[in-house]
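In full-length UniProt numbering, the protein residues as written are 1 to 954.
I have placed the structure first, in the form of structure tokens, so that the comments after it can refer back to it.
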């Protein structure tokens with residue numbers, strides 16, 4: 001395949017960032033476009049090819065050039081852009097002699113001006129030198145750090161290291177707050193106290209009024225190229241602050257004002273981006289495809305660039321690499337995989353028989369072909385045999401994210417926390433004639449629509465949507481799995497007790513329905529429900545061997561892959577798909593047990609009979625699997641895996657239980673505080689949402705799930721409401737909409753607003769309060785058309801805490817004023833005989849609980865029988881990005897849409913009056929809550945509560 005650049009030199013030139021092959025780390029040919037130098041222009045981000053020779057390297061200690069081991073990509077937010085490059089790496093394995101690295105540090109360089117880029121490069125160089133000084137050099141680091149002009153990639157091949165130790169504190173200890181300090185200093189809108197506390201103290205920046213602060217906020221002459229600062233501890237991005245006020249043409253929306261939320265949250269996004277990619281959880285290789293299993297590597301004979309050959313399901317930085325791909329800069333496109341790579345060399349002692357490499361390969365071929373073993377075992381005096389065990393876990397980019405914010409399945413059949421894990425057994429030198437073994441298994445959430453509240457320590461799963469919708473997603477999921485892996489054995493480890501029981505029963509139910517519909521190519525899907533906590537009660541996790549025994553026939557049938565002499569001698573015929581509630585702790589123990597089974601069978605094929613679990617010399621096996629479990633757990637729940645003490649030592653005691661309690665509390669904190677913004681960042685970095693996701697987060701402190709169609713959910717709510725509330729067969733359904741309504745009836749603003757359903761028939765208007773978790777109507781109010789007196793539509797501002805909430809053009813709504821009477825009813829789903837509520841009893845309650853009632857709005861109306869219902873329009877645009885059309889945008893203005901709804905109701909009213917209908921319209925445009933009125937009615941307490949929330953969550 002075409003060669004990737006192994007080292008990239010980044011230079012802050014006058015007109016842009018120049019990227020060219022580094023002299024000591026590339027195989028520069030000059031003829032290949034992927035090896036050519038390129039320039040990324042400031043402000044525009046346009047990539048331009050430069051002459052093959054590239055710029056002359058700058059000499060001297062203070063040269064503004066940064067050596068990078070590859071690029072993560074180009075991060076663009078609003079009108080600001082940043083180049084994310086890999087400044088430090090660590091070799092964690094070698095597969096077939098090709099080194100595998102983990103990213104240990106990245107640099108974020110603003111593409112705004114030469115001055116900004118120069119300071120960022122200076123800071124990155126100093127940070128790298130400081131970290132390298134604190135890390136003891138090893139043989140493999142000496143080898144990779146002293147690469148020369150040797151063209152062959154084998155110059156980088158190091159010995160197989162032990163399973164790497166992931167120390168998150170090393171990443172958190174770096175100077176993250178200095179990435180975009182000037183942006184933070186000038187663009188926060190959280191209130192004076194909140195902005196000062198968050199942007200300075202929390203991110204480790206100097207306090208206002210100090211000499212350091214004066215230096216940070218001093219103007220910079222962008223035309224000059226300043227020398228590196230004396231301390232090198234800051235990255236001052238003055239020009240970035242100016243560019244934040246400019247609207248990016250590619251992301252602008254018609255008739256929609258500019259939003260500052262992406263700019264305000266930019267420092268937090270940059271900080272998270274650095275922590276994410278420098279967390280030791282991203283891996284890469286220059287000449288090995290980490291996204292595919294070992295036998296697929298052998299089958300590939302093409303010469304495509306690596307990014308075209310990789311499996312897009314595990315290509316985590318593809319969206320950030322879009323501009324480089326479009327430009328054809330193949331040599332700069334380095335695919336990153338999130339997950340885990342661990343490797344341990346081990347020695348089997350006391351073997352009675354040993355084959356040579358050639359004999360072993362021939363013996364494997366004979367066994368696979370069913371031939372009689374004619375290869376004679378060679379008796380030797382040696383009692384030791386060396387092997388290499390490698391574990392590679394790949395996290396899917398489909399339905400990515402964090403624990404309680406991404407559960408179950410999405411509309412395309414992708415499940416949360418889907419991870420493919422490959423266990424490879426080989427000899428240390430990867431002798432081609434000696435067999436190499438590969439064993440695959442997968443974890444993933446239950447493929448049904450369900451959710452769990454992040455605010456409970458033991459949340460009960462809640463299922464969503466209709467049986468037809470769930471079965472469709474369930475079918476898509478397993479058919480795609482079958483296409484990838486062949487036969488499937490599903491293993492569920494959830495409890496058969498209250499709480500998890502309902503989800504497990506539904507899993508069984510949909511499996512039966514799936515099989516009744518034909519299954520997978522006529523074959524039934526097999527599901528094994530192993531009640532982990534019951535079977536292993538008393539912390540006897542070794543009882544998971546019962547599960548392995550139950551599936552012994554299936555495991556033998558699926559087998560594993562064997563490769564020798566570049567030939568695939570045997571292929572794995574199926575896969576074990578394991579899940580618990582989170583697909584973390586219980587799943588990790590079970591997958592370790594399946595991995596142990598595979599390793600013992602593979603060693604048996606080598607002529608070695610050994611019990612991995614019962615041999616104290618094989619403790620390394622438990623350790624590497626525990627490292628794998630910890631890595632996957634940190635990526636999904638932000639903490640190490642529970643039950644890790646058993647996975648490592650095969651023992652469980654009170655110390656491990658206490659440690660698990662601490663991890664559980666830490667997970668709980670992350671669930672309710674940190675994960676909401678982190679989820680928005682992950683979706684944005686993967687290109688699943690637009691910058692509007694930050695507007696949504698600023699208002700709701702949470703974001704939309706891009707894998708679930710909101711339009712489909714709302715249409716389902718309208719259909720469900722129609723079936724339930726329109727009881728008379730004589731009523732004709734005319735239209736339905738979803739809108740926001742105040743919590744209390746007969747008020748304009750009682751927080752929080754709830755998304756409800758508005759239905760229109762030829763006889764009445766229905767206002768339905770809908771439970772979106774259970775797809776049920778909680779209550780509905782029926783308003784006869786003949787009782788409607790007026791319909792107002794216009795500006796409806798309910799909050800001024802963010803720019804989007806205070807925008808009069810996009811915050812519009814309608815109010816239906818009607819006469820109270822016997823023709824109007826309010827029914828509540830009490831699940832009892834009494835469901836009809838007297839409307840008059842709500843008048844006092846509404847007035848007592850309302851923040852802004854109808855009195856000030858009607859201005860003088862004294863008819864006590866007059867009531868109203870208020871609706872606020874939902875945003876027309878969505879943060880979810882379409883793969884074909886990009887971010888979705890509204891085709892009409894919000895005010896026009898609301899006016900259309902009002903006119904539909906009026907036409908239905910006049911149609912019901914027949915020839916007696918008067919020509920006087922009941923629809924009028926007037927402010928419901930104007931911006932000025934909203935400002936007057938917003939008190940300091942509301943500002944304080946919002947500032948405190950944003951200070952914690954954002």
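We put the CB at the ideal spot given by N, CA and C, even for glycine.
Nearest-angstrom Cα distance between residue i and residue j?
{"i": "residue 935", "j": "residue 705", "result": "32 Å"}
{"i": "residue 490", "j": "residue 415", "result": "14 Å"}
{"i": "residue 625", "j": "residue 327", "result": "41 Å"}
{"i": "residue 750", "j": "residue 596", "result": "58 Å"}
{"i": "residue 575", "j": "residue 947", "result": "50 Å"}
{"i": "residue 544", "j": "residue 579", "result": "14 Å"}
{"i": "residue 910", "j": "residue 729", "result": "21 Å"}
{"i": "residue 957", "j": "residue 507", "result": "Nothing can be reported for residue 957, as the shown portion of the chain is limited to 1 through 954."}
{"i": "residue 876", "j": "residue 731", "result": "30 Å"}
{"i": "residue 797", "j": "residue 892", "result": "19 Å"}
{"i": "residue 695", "j": "residue 262", "result": "7 Å"}
{"i": "residue 131", "j": "residue 122", "result": "14 Å"}
{"i": "residue 49", "j": "residue 20", "result": "10 Å"}
{"i": "residue 629", "j": "residue 938", "result": "49 Å"}
{"i": "residue 477", "j": "residue 913", "result": "53 Å"}
{"i": "residue 439", "j": "residue 806", "result": "56 Å"}
{"i": "residue 685", "j": "residue 594", "result": "34 Å"}
Could you spell out the range, first to last residue, of the beta strand (DSSP E) harbouring residue i?
{"i": "residue 873", "result": "That residue, residue 873, is in no beta strand (DSSP E); it is neither H nor E in DSSP."}
{"i": "residue 394", "result": "384-395"}
{"i": "residue 768", "result": "764-771"}
{"i": "residue 579", "result": "574-579"}
Which word fits residue i, buried or exposed, when buried means at least 16 other C-beta atoms lie within 10 angstroms of its C-beta?
{"i": "residue 631", "result": "buried"}
{"i": "residue 516", "result": "exposed"}
{"i": "residue 550", "result": "exposed"}
{"i": "residue 483", "result": "exposed"}
{"i": "residue 104", "result": "buried"}
{"i": "residue 564", "result": "buried"}
{"i": "residue 166", "result": "Because residue 166 carries a pLDDT of 39, less than 50, the predicted location of this residue cannot be relied on, and the following value inherits that uncertainty. With 16 or more Cβ atoms within 10 Å of its Cβ, residue 166 is classed as buried."}
Using DSSP with H/G/I as helix, E/B as strand and the rest coil, what is residue i?
{"i": "residue 398", "result": "coil"}
{"i": "residue 567", "result": "strand"}
{"i": "residue 929", "result": "strand"}
{"i": "residue 220", "result": "Its pLDDT being 33, under 50, residue 220 is placed unreliably by the model, and the measurement read from it follows with that caveat. Three-state DSSP puts residue 220 in coil, outside helix and strand."}
{"i": "residue 632", "result": "helix"}
{"i": "residue 622", "result": "helix"}
{"i": "residue 959", "result": "No statement about residue 959 is possible, as the shown extent of the chain runs from 1 to 954 and does not include it."}
{"i": "residue 489", "result": "strand"}
{"i": "residue 307", "result": "helix"}
{"i": "residue 718", "result": "helix"}
{"i": "residue 699", "result": "helix"}
{"i": "residue 478", "result": "helix"}
{"i": "residue 755", "result": "strand"}
{"i": "residue 3", "result": "coil"}
{"i": "residue 818", "result": "strand"}
{"i": "residue 437", "result": "strand"}
{"i": "residue 504", "result": "helix"}
How about residue i and residue j: do their beta carbons lie closer than 8 Å?
{"i": "residue 77", "j": "residue 703", "result": "no"}
{"i": "residue 923", "j": "residue 766", "result": "no"}
{"i": "residue 826", "j": "residue 781", "result": "yes"}
{"i": "residue 349", "j": "residue 99", "result": "no"}
{"i": "residue 735", "j": "residue 411", "result": "no"}
{"i": "residue 399", "j": "residue 406", "result": "yes"}
{"i": "residue 295", "j": "residue 775", "result": "no"}
{"i": "residue 475", "j": "residue 514", "result": "yes"}
{"i": "residue 386", "j": "residue 435", "result": "no"}
{"i": "residue 106", "j": "residue 274", "result": "yes"}
{"i": "residue 38", "j": "residue 82", "result": "no"}
Taking the alpha helix (DSSP H) that residue i falls in, what are its first and last residues?
{"i": "residue 589", "result": "585-605"}
{"i": "residue 775", "result": "Taken as a continuous stretch (DSSP letters only), residue 775 belongs to no alpha helix (DSSP H), as it is neither H nor E."}
{"i": "residue 273", "result": "266-277"}
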